[in-house]
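Residue numbers (our numbering): 1485 to 1851.
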Amino acid sequence: MDTIAGLFSFITTPVSWIIVQFHSLYGAVFGPDSGWAWGLSIVSLVVLIRICLIPLFVKQIKATRGMQALQPKMKAIQERYKNDKQRQSEEMMKLYKETGTNPLSSCLPILAQSPFFFALYHVLANIADGKTIGVLNQQLVDSAREAKIFGAPIAAKFMDSSEKVAALGASLTDVRIVTAVMIVLMSLSQFYTQRQLMQKNVDLSVKTPFMQQQKMLMYIFPVIFAVMGINFPVGVLVYWLTTNVWTMGQQMYVINQNPTPGSKAQDQYLTRLLKHATSHGEVKGRGKKKIVAAIVAKGPDRNDIERKFITALSKQGLAAQADGSVIKSSEATADSDAASGGAAKRQQPKRQTKSQRQTPSKPSPKK
């Protein structure tokens, strides 16, 4: 880990500078040597990094939506080459290349923040050894070295010896309890985030190699974090737990506000939207209107969930419009008639009775 962290030493100066700026702010409130001041500085570093990564996250969402748009073609490839897995994989890769999509795009945020993660690890490793690094002078290093979070110094690790922990002014029991709890929380948050994605926000009607990979990662990642976590300083555990919580909250927001078509989350979202439209007689909110407009634009290509939504609206006497609004079905019919030029309906001839049909019509008198 130290060797990998050393590769990102070029970014330790800006990372240490950001931490020092936040520390000066929180130190004025909690005290410069407080564990809260140093811990909240690390949390704020995570928040700042994740805010800067929001454009990349938006790009990730768009790429994911692009993958979802390919689901019908991917399903066709699966059915065509269901007995030839190698050919199936080759055709899938060819489809990705032709459409410019990347099934690994979901890894972009993790890759982008990796340099900051390893840089922080490098900073904390030097603090544990009492060495200055970046903009951290000896006074700040000594302050950070002995700052404690629930009795555990931010530079201590689960695998540290009792002598090393004692040198940091703490007990080995406190360090191992705090780090163990944080490792468990870190692993559970990672598992829950991935599980939420797989169960609620994935179109399960199409099985792809990417989905199988994501399912494996759901179980592998928490184990990896648990094994690696015993070698992470408390400060790095704070960093990673914070970024996991941020990711979980960010994902919950996306699932609730812009679910993947064909997923369980979309079914739940459209159920809520139907209740909203029924009770108010309209769709309020630009985001909601945008989703309704997208469903209308699909026409016959709508999935089962979207067709059910349109049918349910119709049963409630409502009709979805191209701009995402919802109006009464009678108004939609009137608009359709007006758009066709207001042509009068063709009147059917009045139906004659049986006696009228049997009575011959009198010829008109000659002039």
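By construction, the Cβ of each residue, glycine as well, lies at the ideal position given by its N, Cα and C atoms. These numbers were taken from a predicted model, which means no experiment stands behind them.
Residues near residue i by beta carbon distance below 8 Å, same chain, minus five either side
i            : result
residue 1638 : 1519, 1522, 1523, 1526, 1608, 1611, 1628, 1631, 1632, 1717, 1718, 1719, 1722
residue 1771 : 1741, 1742
residue 1802 : 1761, 1762, 1765, 1810, 1811, 1812, 1813
residue 1672 : 1706
residue 1818 : Annotation note: pLDDT 48 at residue 1818 (below 50); position unreliable, coordinate value reported separately. Here the set comprises nothing.
residue 1640 : 1612, 1648, 1649, 1652, 1654, 1659, 1663, 1717, 1718
residue 1674 : 1705, 1706, 1709, 1728
residue 1561 : 1572, 1575, 1576, 1579
DSSP three-state assignment for residue i, whether helix, strand or coil
i            : result
residue 1803 : strand
residue 1537 : coil
residue 1681 : helix
residue 1748 : helix
residue 1654 : coil
residue 1714 : coil
residue 1743 : coil
Range of the contiguous alpha helix (DSSP H) that encloses residue i
i            : result
residue 1782 : 1770–1782
residue 1811 : Taken as a continuous stretch (DSSP letters only), residue 1811 belongs to no alpha helix (DSSP H), being part of the beta strand (DSSP E) at 1810–1812.
residue 1565 : First-last for residue 1565: undefined, no H or E at that position.
residue 1516 : First-last for residue 1516: undefined, no H or E at that position.
residue 1643 : Where residue 1643 is concerned, there is no enclosing alpha helix (DSSP H), given that its DSSP letter is neither H nor E.
residue 1439 : Because the chain spans 1485 through 1851 in this model, residue 1439 falls outside it and cannot be assessed.
Reference residue i; option with closest CA among the options
i            : options                : result
residue 1661 : 1675, 1635, 1676       : 1635
residue 1585 : 1537, 1756, 1544       : 1544
residue 1725 : 1559, 1615, 1617, 1665 : 1665
residue 1761 : 1805, 1782, 1655, 1578 : 1805
residue 1750 : 1560, 1708, 1730, 1793 : 1793
residue 1667 : 1654, 1678, 1643, 1558 : 1643
residue 1699 : 1767, 1682, 1654, 1713 : 1682
residue 1678 : 1562, 1702, 1669       : 1702
residue 1533 : 1508, 1594, 1515       : 1594
residue 1774 : 1563, 1757, 1560       : 1757
residue 1498 : 1600, 1558, 1514, 1537 : 1600
residue 1737 : 1796, 1513, 1542       : 1542
residue 1732 : 1558, 1669, 1755, 1798 : 1669
residue 1476 : 1597, 1566, 1753, 1563 : A query on residue 1476 cannot be resolved here, the shown segment of the chain reaching from 1485 to 1851 and no further.
residue 1755 : 1517, 1807, 1797       : 1797
Beta-carbon contacts of residue i that lie in its chain and below 7 Å, excluding the five residues immediately before and after
i            : result
residue 1500 : 1607, 1617, 1618, 1619, 1620
residue 1646 : 1656
residue 1787 : 1745, 1746
residue 1735 : 1677, 1680, 1681
residue 1624 : 1504
residue 1581 : none
Spatial neighbours of residue i in its chain, beta-carbon cut-off 6 Å, leaving aside the 5 residues before and after
i            : result
residue 1727 : 1530
residue 1506 : 1525, 1528
residue 1790 : 1779
residue 1748 : 1684
Residue i: CB within 7 Å of a non-hydrogen atom of the ligand MG
i            : result
residue 1607 : With respect to small molecules bound, the structure shown includes none, and the ligand MG cannot be examined in it.
Residue-level contact to chain D via CB, residue i, 8 Å cutoff
i            : result
residue 1663 : No chain D appears in this structure, which consists of one protein chain only.
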